[in-house]
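Numbering (full-length UniProt numbering), first residue to last: 1 to 232.
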Ligand SMILES: Nc1ncnc2c1ncn2[C@@H]1O[C@H](COP(=O)(O)OP(=O)(O)OP(=O)(O)O)[C@@H](O)[C@H]1O
């Protein structure tokens, strides 16, 4: 399998009150095409910080992230925007939907950014809403949707442009068991059938059971790979 993302020596600290929090300490990580990689860890262990660094949403204090061999720190603003538009899908823990847009318009945003033709855009939005079981909710604003429904819209938006790299922060946190299982199937298909590199931060044991690899984060440090059978 081809390595799509390589992170080396990633570090990030925050100041909180008078103390320094080491949210990410010397993290090395590879993500490969066709693979579902789970990062597991207790609340506050640094998973969200790490995912934000991997996607280039935040700058590390030290270390580097290369995607397809390109160092994120070396990209100018335009190159970074294109990388985000075309190659990276990100599922935010708190969904990150635009409140004044409908569910369908939120899903449509990445397609508009790529200037997909209107007819193709409409068809793709309908397909994506169906895929996440939200076919009848396209006209609803985020505030009219439950947390789980917003989470599903966030997932549909993240995969709209068929990214090569999908990064998802607790993507089943708000979902009931049946919907979570459908999302797991979707992520597994994206990795195993479509060749997407999928990185998921989760506490969900079912998601861990579907992973090809599991890495455990503890106090900002990422441990060696653990066997899936050790994660249940
Ligand atoms: N912007 C920030 N300012 C100050 N401290 C922060 C900031 N972001 C994260 N932290 C701290 O860094 C540590 C790691 O947080 P992070 O959100 O990455 O963990 P997490 O594993 O994703 O937790 P959760 O599962 O609860 O989302 C925590 O101690 C958190 O309080």
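Glycine is no exception: its CB is placed at the ideal position from the N, C-alpha and C atoms.
Residue i beta carbon near ligand 1 (any heavy atom closer than 7 angstroms)
i	result
residue 70	no
residue 32	no
residue 151	no
residue 154	no
residue 16	yes
residue 174	no
residue 214	no
residue 202	no
residue 46	yes
residue 21	yes
residue 41	yes
residue 196	no
residue 49	yes
Simplified DSSP state of residue i, which is helix, strand or coil
i	result
residue 119	helix
residue 203	coil
residue 140	coil
residue 208	helix
residue 127	helix
residue 162	coil
residue 8	strand
residue 230	Confidence at residue 230 is low in this model, with a pLDDT of 49, below 50, so the placement of that residue should be treated as unreliable; the coordinate-derived value is given next. If DSSP states are grouped into helix, strand and coil, residue 230 belongs with the helices.
residue 19	strand
residue 86	helix
residue 57	coil
residue 79	helix
residue 147	helix
residue 154	helix
residue 13	strand
For residue i, the first and last residue of its enclosing beta strand (DSSP E)
i	result
residue 66	62-67
residue 39	36-41
residue 100	Per DSSP, residue 100 belongs to no beta strand (DSSP E) and is neither H nor E.
residue 214	213-218
Expected contact under 8 angstroms - CB spacing of residue i and residue j to nearest Å
i	j	result
residue 142	residue 150	5 angstroms
residue 175	residue 198	Their Cβ separation, rounded to whole angstroms, is 17 angstroms, which puts residue 175 and residue 198 out of contact at 8 angstroms.
residue 179	residue 133	7 angstroms
residue 72	residue 222	18 angstroms between Cβ atoms; not a contact.
residue 154	residue 101	Residue 154 to residue 101, Cβ: 13 angstroms. No contact.
residue 217	residue 46	5 angstroms
residue 63	residue 23	The Cβ separation is near 13 angstroms, so there is no contact.
First and last residue of the uninterrupted alpha helix (DSSP H) at residue i
i	result
residue 49	47-54
residue 179	177-192
residue 107	103-113
Segment contact flag, the segment 29-49 with the segment 102-110, C-beta cutoff 8 angstroms, min 3 pairs:
no
Kindly confirm or deny that the segment 180-197 and the segment 29-38 touch, where touching means at least three C-beta pairs closer than 8 angstroms.
yes
Does the pairing of the segment 116-134 with the segment 197-217 give three or more beta-carbon distances under 8 angstroms?
no
With three or more beta-carbon pairs closer than 8 angstroms as the criterion, would you say the segment 108-119 touches the segment 81-99?
yes
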